[in-house]
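Which chain is which? The protein sequence lines are P and D, in order. When we follow the working numbering, the leftmost residue of the first sequence carries the number 1, and every step to the right adds one. When we follow the working numbering, the leftmost residue of the second sequence carries the number 1, and every step to the right adds one. Virtual Cβ for every residue (Gly too), placed ideally from N, Cα, C. Since the structure is predicted, the reported quantities are computational estimates derived from the model, not experimental observations. What follows is one structure encoded as structure tokens, with my remarks underneath.
Number of protein chains: 2
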Amino acid sequence: MLASRRRSVLAIDLGGTKIIAAAVLSTGEIISRKYSLTLADEGPRPVINRLSSAVAETMAQAKLKTSSDVVGIGIAAAGILDTNEGIITTSPNLPGWRDVPLRDIIAERLGLTTYLINDASAAALGEHRSGAGKGVDNLIYLTVSTGIGGGIIIDGELYSGADGCAGEIGHMIIETHGPQCNCGKFGCLEALASGSAMTRESVRRLNQGEKSSIVELVAGRLESITAETVSLAARQGDSLACDIVARAANYLGIGLANLVNIFNPELIVIGGGVSKMGNMLLAPTRKAVREIAFKLPARTARIVRARLGSNAGIIGAAVYVFEQQPKGGRKA
Amino acid sequence: MLASRRRSVLAIDLGGTKIIAAAVLSTGEIISRKYSLTLADEGPRPVINRLSSAVAETMAQAKLKTSSDVVGIGIAAAGILDTNEGIITTSPNLPGWRDVPLRDIIAERLGLTTYLINDASAAALGEHRSGAGKGVDNLIYLTVSTGIGGGIIIDGELYSGADGCAGEIGHMIIETHGPQCNCGKFGCLEALASGSAMTRESVRRLNQGEKSSIVELVAGRLESITAETVSLAARQGDSLACDIVARAANYLGIGLANLVNIFNPELIVIGGGVSKMGNMLLAPTRKAVREIAFKLPARTARIVRARLGSNAGIIGAAVYVFEQQPKGGRKA
């Protein structure tokens, strides 16, 4: 009984900047956790090697022995994933990754059943099972950081669509003639309300000669501006920064109003680095949703911050494996 | 056995122009069908009276006796409906209807269990059970007519959200600074790709002095232009009309691409009067979806025309009652 209760999932969050590997119990408890740099510019092969090593080291660190102690491996990754086939078809944060069968590569290397899941879908599942969305039937999760990702929970289960790539909320076009997005299209929610959208808008307006304390915060190096810089300046009352946050919040509100009208969800959970702005971002976002969405669904949908922080992906990937969804797993 | 097989649902499609009442068998067969005018301008009370009469007459016509022959009443209506409570909260086509508890009014008047369902949701269910969407797990239904409505089927079941008002796809904002919609907001899909959007755009451009055979088709009376007029002129090669159809198709494609990225559905079914344009509308719409949505889900999602025509609503409302969804029904 004790032995079976202690069985872990080896959960990986493969991001553009870092790889988090962890051993996670079915309770959601993390018994071992390891960071390494992705160094994505080196291309798929070295990244896959680092990912394998991180898994192996996490196993050793947590004193886990193959198969008896480990339920399987769950890899959460950004990008358009064919989760049925375990393939990363394309990923904005992993340059050079085209149709990489990551699931099968890892399963074969490590001799463990492996699952691949979109990182925002994993975070949605994590927040639903042990974060801000506990006990709710229908919720939409959004991660707002450099980009915008999404995950959908319907009737308490992850909704993943025909190929397993549902939830690309960040690429919902809300301003057809808007600015170009990282995906190549124009006017996506991500191009208007993400951290990189705020950065780009700041640089654009500063280059037009507008004044802002942002310039001092980055010592004149505009290329160093991040959403955090904008946030800091806005907190200090800088007018340009406040304007940029308000603009992003309004677009985020339009995107969420669309989701409220389409899904009539009980809850919208906002995670990701930009959500750390808290009510400075979320209060005007909520206001926009109330003004734009129909009254009945707008009254129902609570909009709250995520609770699991940077652990959402690994906890969700672990949940995904523990619940052993029949599709998407690859036996070693 | 024969008796139980012959039990009917009294299905109503309450539209802004007409009321269709029908007796429908569990096979989807319509054994009796009756039209009456809604005369919506007279306000809720007379419309509710006409609706009751239409139901009673349909029962008589089909020789149905209360309760033994009738499973219940299913009312499909346009608008934002609280289907859990059986209330029409607001409806674009029914002026003056605010929080009308239509389900309970009809249940009490006619002494039959009654259900209320959004008309596009009903059509989605109808098309899924006996139309273009048979056997598909996940589909999105859109009705494109004067307005644009939507219905969502997930895992073979109608997805209705927390209050039962999910599926308001027509009010997805895709052009934040676009034209005003009938709902009061700006840049909704309905304001850009519906029949009324095509009409409005035609009138605007003709008033700017552009030439078109549309003018002859309506004998100079621009207020008589409908989407059908535009369609007819486009078929005859009129350049303005072709342009207007292409523009609407492109916006429809943007809306569908958003849905493809969010839902990764197997199928999108397009019904409603404007869908009668066929490939003149749908070919450029499909092209836009392929260009805008991510490759993987775009390759999967087939976009087809609905099959049930104006019967979709009553067949779907009947299916809804036959499947006796526990929520939303009101025992007499």
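Reduced DSSP category for residue i - H, G, I as helix; E, B as strand; rest coil
| i | result |
| --- | --- |
| residue 82 of chain D | strand |
| residue 258 of chain P | helix |
| residue 169 of chain P | helix |
| residue 130 of chain D | helix |
| residue 33 of chain D | strand |
| residue 3 of chain D | With a pLDDT of 43 at residue 3 of chain D, under the threshold of 50, the predicted position of this residue should be treated as unreliable, though the coordinate-derived value follows. Here residue 3 of chain D sits in helix by DSSP. |
| residue 196 of chain D | helix |
| residue 115 of chain P | strand |
| residue 208 of chain P | coil |
| residue 327 of chain D | For residue 327 of chain D, the predicted structure reports a pLDDT of 49, less than 50, and the residue's modelled location is therefore unreliable. A value from the coordinates is still provided. Note: residue 327 of chain D maps to coil in three-state DSSP. |
| residue 88 of chain P | strand |
| residue 276 of chain P | helix |
| residue 292 of chain D | helix |
| residue 285 of chain P | helix |
| residue 223 of chain D | helix |
| residue 158 of chain D | strand |
| residue 23 of chain P | strand |
| residue 28 of chain P | coil |
| residue 348 of chain D | Since the first residue of chain D shown is 1 and the last is 332, residue 348 of chain D is not available in this structure. |
| residue 17 of chain P | coil |
Assigned exposure category for residue i - 16 Cβ within 10 Å defines buried
| i | result |
| --- | --- |
| residue 265 of chain D | buried |
| residue 103 of chain D | buried |
| residue 283 of chain D | exposed |
| residue 177 of chain D | exposed |
| residue 305 of chain D | buried |
| residue 267 of chain D | buried |
| residue 21 of chain D | buried |
| residue 190 of chain D | buried |
| residue 278 of chain D | exposed |
| residue 287 of chain D | exposed |
| residue 239 of chain D | exposed |
| residue 49 of chain P | exposed |
| residue 219 of chain D | exposed |
| residue 46 of chain D | exposed |
| residue 175 of chain P | buried |
| residue 82 of chain D | buried |
| residue 250 of chain P | buried |
| residue 185 of chain P | buried |
| residue 258 of chain P | buried |
Beta carbon proximity, residue i to chain P, threshold 8 Å
| i | result |
| --- | --- |
| residue 176 of chain D | yes |
| residue 261 of chain D | yes |
| residue 179 of chain D | no |
| residue 266 of chain D | yes |
| residue 300 of chain D | yes |
| residue 84 of chain D | no |
| residue 44 of chain D | no |
| residue 80 of chain D | yes |
| residue 182 of chain D | no |
| residue 325 of chain D | Residue confidence is low: residue 325 of chain D scores 49 on pLDDT, short of 50, so the model does not pin down where it sits. No coordinate-derived value is stated. |
8 Å Cβ cutoff, residue i in contact with chain D
| i | result |
| --- | --- |
| residue 294 of chain P | yes |
| residue 118 of chain P | no |
| residue 171 of chain P | yes |
| residue 89 of chain P | yes |
| residue 93 of chain P | no |
| residue 297 of chain P | yes |
| residue 254 of chain P | yes |
| residue 258 of chain P | yes |
| residue 319 of chain P | no |
Any non-hydrogen atom of the ligand COA within 7 Å of residue i CB
| i | result |
| --- | --- |
| residue 177 of chain D | Absence of the ligand COA from the depicted structure is noted, as is the absence of any ligand whatsoever, leaving it without description. |
Could you run through the stretch 139-167 of chain D and flag, in chain order, every residue whose CB is less than 8 Å away from some CB of chain P? Within the stretch 139-167 of chain D, the residues whose Cβ lies closer than 8 Å to some Cβ of chain P are 150, 152, 154, 159, 160, 161, 162, 163, 164, 165, 166, 167, listed in chain order.
Under 8 Å: do the stretch 311-327 of chain D and the stretch 61-79 of chain D share three or more Cβ pairs, one atom per stretch? Touching, yes.
Do the stretch 254-264 of chain P and the stretch 121-137 of chain P meet, that is, are 3 or more Cβ pairs less than 8 Å apart? The way I'd put it, the stretch 254-264 of chain P doesn't touch the stretch 121-137 of chain P; fewer than three beta-carbon pairs between them come closer than 8 Å.
Indicate whether the contact test is met: 3 or more Cβ pairs, each with one atom in the stretch 93-110 of chain D and one in the stretch 219-235 of chain D, closer than 8 Å. Short answer: they don't touch.
Does the pairing of the stretch 89-101 of chain D with the stretch 54-63 of chain D give three or more beta-carbon distances under 8 Å? With the cut-off at 8 Å, the stretch 89-101 of chain D and the stretch 54-63 of chain D do not touch.
Using Cβ-Cβ distances below 7 Å, what residues of the stretch 186-212 of chain D are close to chain P? Under the 7 Å Cβ criterion, the stretch 186-212 of chain D contributes no residue.
With a threshold of 8 Å, are at least 3 pairs of Cβ atoms found where one atom belongs to the stretch 159-174 of chain D and the other to the stretch 237-250 of chain P? Verdict: no, contact absent.
Within 8 Å, do at least three Cβ pairs link the stretch 108-121 of chain P to the stretch 74-90 of chain P? Segments in contact, yes.
Three or more C-beta pairs closer than 8 Å, one from the stretch 164-172 of chain D and one from the stretch 181-200 of chain D: is that the case here? Yes, the stretch 164-172 of chain D touches the stretch 181-200 of chain D.
Is there contact between the stretch 129-136 of chain P and the stretch 306-314 of chain P, where contact requires at least three CB pairs shorter than 8 Å? Enough Cβ pairs lie closer than 8 Å, so yes.
Counting Cβ pairs, one atom from each stretch, are 3 or more of them under 8 Å apart for the stretch 191-208 of chain D and the stretch 145-156 of chain D? Counting Cβ pairs under 8 Å, three or more are found: they touch.
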